[in-house]
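Protein sequences, first through last, are from chains A and B. Here our numbering runs 1 ahead of the position in the first sequence, where the first position is 1. Here our numbering runs 417 ahead of the position in the second sequence, where the first position is 1. Glycine included, every Cβ here is placed at the ideal spot set by N, Cα and C.
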Amino acid sequence: MRVFHRPLLLALAAFTLIPAAFAGEIRIGLAEALTGPASQYGIPIRNGFLLAQDEINAKGGIAGNRIVLVEEDERGKKEEAINVYKKLIFQDKVLMIFGPTLSNSMFAAGPIANMAHLVAFGTSNTASGITDIGPYIFRSSPMEADVVPVTLKAAIKHVGLHKVGIIYGNDDAFTKSGYDVFRQVLQADHIAVVDTETYSKGDVDFKAQLTKIKAQSPDAIICPCLAEEGANILIQARALGIKAPFIGGNGFNTPKLLENAKAAAEGTIVGSPWFDGNPSPENKHFIAAYRKKYGADPNQFSAQGYDALFIVAEALRKIHLTGQLSHDRQALRDALPSIRFTGATGHFAFRAAPLHGGKPGGYDADQAPFVYIVKNAKFTLLK
Amino acid sequence: MFAQQVVNAISLGSVYALFALGFTLVFGILGVINLSHGGIFMLGAYAALLLITRFDIPFWVALPLAMAASGTLGLLIDVLILRLLRKRNAPHLMPMIATIGAAILMTSLAQGLFGSETRRFPLELFDQASLTWGPITIPVVQAGITALSVALMLIMVWVLRHTRIGQALRAISESPRAAALLGIPVERLFHLTSFVAAALGGAAGILIGLSFDAISPFMGQPMLHKGIAAIILGGLGDVRGAVLGGLFLGAAEVFAVTFLSSEYRDALSFGLLFLVLLWRPQGLFGASSTRSA
Chain A
2 MRVFHRPLLL ALAAFTLIPA AFAGEIRIGL AEALTGPASQ YGIPIRNGFL
52 LAQDEINAKG GIAGNRIVLV EEDERGKKEE AINVYKKLIF QDKVLMIFGP
102 TLSNSMFAAG PIANMAHLVA FGTSNTASGI TDIGPYIFRS SPMEADVVPV
152 TLKAAIKHVG LHKVGIIYGN DDAFTKSGYD VFRQVLQADH IAVVDTETYS
202 KGDVDFKAQL TKIKAQSPDA IICPCLAEEG ANILIQARAL GIKAPFIGGN
252 GFNTPKLLEN AKAAAEGTIV GSPWFDGNPS PENKHFIAAY RKKYGADPNQ
302 FSAQGYDALF IVAEALRKIH LTGQLSHDRQ ALRDALPSIR FTGATGHFAF
352 RAAPLHGGKP GGYDADQAPF VYIVKNAKFT LLK
Chain B
418 MFAQQVVNAI SLGSVYALFA LGFTLVFGIL GVINLSHGGI FMLGAYAALL
468 LITRFDIPFW VALPLAMAAS GTLGLLIDVL ILRLLRKRNA PHLMPMIATI
518 GAAILMTSLA QGLFGSETRR FPLELFDQAS LTWGPITIPV VQAGITALSV
568 ALMLIMVWVL RHTRIGQALR AISESPRAAA LLGIPVERLF HLTSFVAAAL
618 GGAAGILIGL SFDAISPFMG QPMLHKGIAA IILGGLGDVR GAVLGGLFLG
668 AAEVFAVTFL SSEYRDALSF GLLFLVLLWR PQGLFGASST RSA
């Protein structure tokens with residue numbers, strides 16, 4: 002008898018459980034690098050998102066519906082990002098996707114979302130051309146092309162730049178794109194580049210390149226590098242007796258740089274969309290809540306993840322979800338561009354990417370960056 | 418500037434040489450390319466980091482302890498993986514594949530235990546002290562690495578040439594079977610070699626972590642590539658060759674940057690390596706008479 006009853010019971014249980022679990026859930030994909038070298042960015046991003054999810058759901062969610070982030074690890078690899086995107090879109094049937102972490106991966110996975118007509122929303126992709134993928138691609142991370150001119154303007158005023166040396170990694174979309182932007186802005190500002198040096202991922206010794214740069218005695222050294230190489234470059238430059246300050250890109254915006262480079266980071270100038278000392282109530286609340294939940298300090302990437310979920314929540318409040326997936330995905334896409342929001346990173350709005358070969362692109366971040374200088378082992382605002 | 422670049426070349430080359438020493442030793446004696454050497458190198462650095470930061474042990478005590486820990490890890494790999502494959506007479510590729518697996522395991526383990534961020538030793542002691550001599554600057558730690566890799570090479574050459582263990586090891590590298598017939602405890606010496614090679618690998622990880630402030634779960638992989646190049650260039654299994662191969666590779670990289678462009682550094686240095694191998698396919702030291710590990 003019992004055996005006979007089990008399938009029936011299971012069917013009954015399934016019938017009652019599934020609607021209860023799914024009604025009132027808004028499923029959103031979160032594809033970030035949770036393992037691998039890029040996880041040092043991906044994990045803070047995920048933490049920012051989870052904090053925002055807790056806060057939004059604690060306040061009743063979106064019109065009574067809970068936001069559920071479906072996490073996937075894309076390991077900072079293009080291939081994996083594509084797999085994860087396919088799983089989230091076609092199997093988990095999410096409403097939209099946040100991530101992936103690296104620009105490289107967004108170039109690979111973004112087109113899938115664009116073809117499937119759902120929003121792909123990057124919070125850490127700063128390379129040029131990301132939103133050229135198509136009208137479903139959004140990002141809340143200001144492009145290097147927006148941050149670098151502001152950074153350099155501040156640096157020119159502060160240091161008096163006439164000639165600079167550059168060192169960057171030429172085998173990574175992020176650092177390469179940072180380099181291209183710096184070069185263009187330097188050209189526009191008539192600052193001479195006296196030496197350009199490159200390195201590869203995984204290098205630890207940069208003394209050969211730095212010795213060459215030193216021989217040209219530049220006023221500053223431009224380093225559109227990631228923090229792990231950046232810290233090493235700073236330390237070795239100081240060991241070689243280079244006194245010139247460094248100017249970094251987005252990759253330098255992390256407390257890790259100071260932690261690893263210590264005194265060698267003194268005088269380094271960086272532009273960033275987030276400032277931990279920003280006294281706005283939204284930012285203070287974010288930092289306190291993050292510390293409470295994780296027992297660690299947030300960084301720019303967690304702040305951007307945190308804000309991004311609120312931006313989408315704003316859009317979700319403006320639309321009516323019907324439960325019909327393609328309709329809801331499109332409705333969210335159409336509601337997003339007009340959202341304005343003030344969060345931990347300050348005022349935020351979207352800006353339509355310029356037409357790319359006559360075709361409309363996605364939406365970039367329209368946000369003014371902060372410029373820091375490292376003083377007494379701390380990022381301080383450079384005015 | 419040129420004098421400084423010569424110093425840079427020697428210091429970079431010594432780093433490769435130090436890594437290659439243990440790597441080549443295993444090949445010379447066991448006849449196995451142990452691709453988990455990069456993992457041991459990385460875990461050695463973490464072991465020292467842990468001892469110093471968690472248990473407040475001074476560096477000079479942590480160094481031998483971490484070396485012993487890496488050595489034990491190498492011994493474990495030999496006992497658990499390589500010995501079984503030897504017993505079953507597995508073809509040469511098998512230990513390579515098995516040790517790739519071990520390396521991946523170690524990387525994931527380190528990532529789970531320590532996170533994927535780059536860490537550094539909290540040592541103000543060695544911090545940024547450098548020796549300056551006219552236009553030349555040498556960070557103290559790097560001068561130490563250079564001295565140490567040359568000293569270790571000399572010690573190993575001496576042990577292999579002039580001691581009974583060295584004699585036995587050379588016999589094994591000639592033919593393990595014949596050595597066993599002569600009553601040499603081959604298995605035990607395999608274990609010893611694995612232990613010593615891994616301890617050297619761990620020491621390399623610690624010293625390189627110390628001088629470059631780059632301890633991460635992924636630090637082994639790029640070093641492994643350079644290490645393979647160095648030992649092939651020097652002559653597989655030859656201790657002097659590992660050091661010279663490392664120095665050669667370091668010099669090729671630095672001078673490619675100095676005289677041409679850092680853009681083409683790897684293309685040039687590895688192109689040069691290719692040319693050397695065309696001229697001497699057995700490597701710089703790889704003549705048959707010196708298959709003496």
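{"Check": "Quick one: does Glu-33 of chain A have its CB under 8 Å from some CB of chain B?", "Outcome": "no"}
{"Check": "Look at the alpha carbon of Ala-297 of chain A and the alpha carbon of Gly-439 of chain B, and state the distance between them as a whole number of angstroms.", "Outcome": "39 Å"}
{"Check": "Quick check: what's the CA-CA separation for His-328 of chain A versus Leu-119 of chain A?", "Outcome": "10 Å"}
{"Check": "Where Gly-166 of chain A and Gly-231 of chain A are concerned, what is the direct C-alpha to C-alpha distance, given to the nearest angstrom?", "Outcome": "15 Å"}
{"Check": "Using the C-alpha atoms, what's the distance from Leu-548 of chain B back to Asn-254 of chain A?", "Outcome": "32 Å"}
{"Check": "Does Pro-256 of chain A come out as helix, strand or coil in the three-state DSSP assignment?", "Outcome": "helix"}
{"Check": "Given Leu-492 of chain B, which residues of its chain have a CB within under 8 Å of its CB, disregarding the five upstream and five downstream residues?", "Outcome": "His-608, Ser-611, Phe-612 and Ala-615"}
{"Check": "Is Ser-380 of chain B buried or exposed, if buried means 16 or more other CB atoms sit within 10 Å of its CB?", "Outcome": "No answer is possible for residue 380 of chain B: the residues shown for chain B start at 418 and end at 710."}
{"Check": "In this structure, does DSSP put Pro-556 of chain B in helix, strand or coil?", "Outcome": "strand"}
{"Check": "I'd like to know if Ser-303 of chain A contacts chain B, where contact means its C-beta is closer than 8 Å to some C-beta of that chain.", "Outcome": "no"}
{"Check": "Taking 8 Å as the threshold (C-beta atoms), are Ile-649 of chain B and Gly-700 of chain B in contact?", "Outcome": "yes"}
{"Check": "Output, in sequence order along the chain, the residues in the region 190-224 of chain A whose CB is closer than 8 Å to any CB in chain B.", "Outcome": "Glu-198, Thr-199, Tyr-200, Ser-201, Lys-202, Gly-203, Asp-204, Val-205, Asp-206, Lys-208, Ala-209, Gln-210, Thr-212, Lys-213, Lys-215 and Ala-216"}
{"Check": "For Asn-451 of chain B, which of helix, strand or coil comes out of DSSP?", "Outcome": "coil"}
{"Check": "According to the neighbour-count rule (16 or more other Cβ atoms, all chains shown, within 10 Å of its Cβ), is Glu-75 of chain A buried or exposed?", "Outcome": "buried"}
{"Check": "State yes or no: is the beta carbon of Leu-429 of chain B nearer than 8 Å to at least one beta carbon in chain A?", "Outcome": "yes"}
{"Check": "Which complete alpha helix (DSSP H) runs does the region 437-491 of chain B hold, if anything under 4 residues is left out?", "Outcome": "454-471"}
{"Check": "Report the neighbours of Thr-675 of chain B on chain A: residues whose CB is nearer than 9 Å to its CB, in chain order.", "Outcome": "Ala-209, Thr-212 and Lys-213"}
{"Check": "Which residue wins for smallest C-alpha separation from Asp-421 of chain B, given the options A:Gly-242, A:Met-97 and A:Leu-227?", "Outcome": "It should be pointed out that residue 421 of chain B corresponds to Gln in this sequence rather than to Asp. Of the listed residues, the one whose Cα sits closest to Gln-421 of chain B is A:Gly-242."}
{"Check": "Using a Cβ-Cβ cut-off of less than 9 Å, give me the residues of the region 251-280 of chain A that come near chain B, in sequence order.", "Outcome": "Lys-257, Glu-260, Asn-261, Ala-262, Lys-263, Ala-264 and Ala-265"}
{"Check": "Could you tell me the alpha carbon to alpha carbon distance between Gly-588 of chain B and Gly-448 of chain B, rounded to whole angstroms?", "Outcome": "Strictly speaking, residue 588 of chain B in this sequence is Ala, with Gly absent from that position. Roughly 13 Å separates the two Cα atoms."}
{"Check": "Measuring only the C-alpha atoms, how far is Gln-210 of chain A from Lys-244 of chain A?", "Outcome": "16 Å"}
{"Check": "Who are Asn-66 of chain A's beta bridge partners in DSSP?", "Outcome": "A:Ile-63"}
{"Check": "What is the rounded straight-line gap between the Cα of Ala-465 of chain B and the Cα of Asp-630 of chain B?", "Outcome": "13 Å"}
{"Check": "Please confirm whether Leu-641 of chain B and Leu-429 of chain B have their CB atoms less than 8 Å apart.", "Outcome": "no"}
{"Check": "Look at the alpha carbon of Gly-61 of chain A and the alpha carbon of Arg-67 of chain A, and state the distance between them as a whole number of angstroms.", "Outcome": "7 Å"}
{"Check": "Just to confirm, are Met-97 of chain A and Ile-29 of chain A a CB contact at a threshold of 8 Å?", "Outcome": "yes"}
{"Check": "Taking Cβ to Cβ, would you say Ala-314 of chain A is nearer than 8 Å to Ile-57 of chain A?", "Outcome": "yes"}
{"Check": "Which residues bound the alpha helix (DSSP H) around Arg-28 of chain A?", "Outcome": "That residue, Arg-28 of chain A, is in no alpha helix (DSSP H); its beta strand (DSSP E) goes 26-33."}
{"Check": "Does the separation of the CB atoms of Ala-462 of chain B and Ile-632 of chain B fall below 8 Å?", "Outcome": "yes"}
{"Check": "Does Ser-40 of chain A have its Cβ less than 8 Å from a Cβ in chain B?", "Outcome": "yes"}
{"Check": "Compile a chain-ordered list of the residues in the region 455-478 of chain B whose CB is closer than 9 Å to at least one CB of chain A.", "Outcome": "none"}
{"Check": "Please report the straight-line C-alpha distance between Leu-499 of chain B and Gly-518 of chain B, rounded to a whole angstrom.", "Outcome": "12 Å"}
{"Check": "With a cut-off of 8 Å, does the C-beta of Met-418 of chain B fall near any C-beta of chain A?", "Outcome": "yes"}
{"Check": "Between which two residues does the alpha helix (DSSP H) holding Val-205 of chain A run?", "Outcome": "Careful: Val-205 of chain A lies outside any alpha helix (DSSP H) and carries neither H nor E."}
{"Check": "Excluding sequence positions up to five away, which residues of its chain have a Cβ less than 6 Å from the Cβ of Leu-18 of chain A?", "Outcome": "Note that Leu-18 of chain A scores 44 on pLDDT, short of 50, meaning its location in the model is unreliable and no value can be drawn from it."}
{"Check": "Between which two residues does the alpha helix (DSSP H) carrying Val-151 of chain A extend?", "Outcome": "145-160"}
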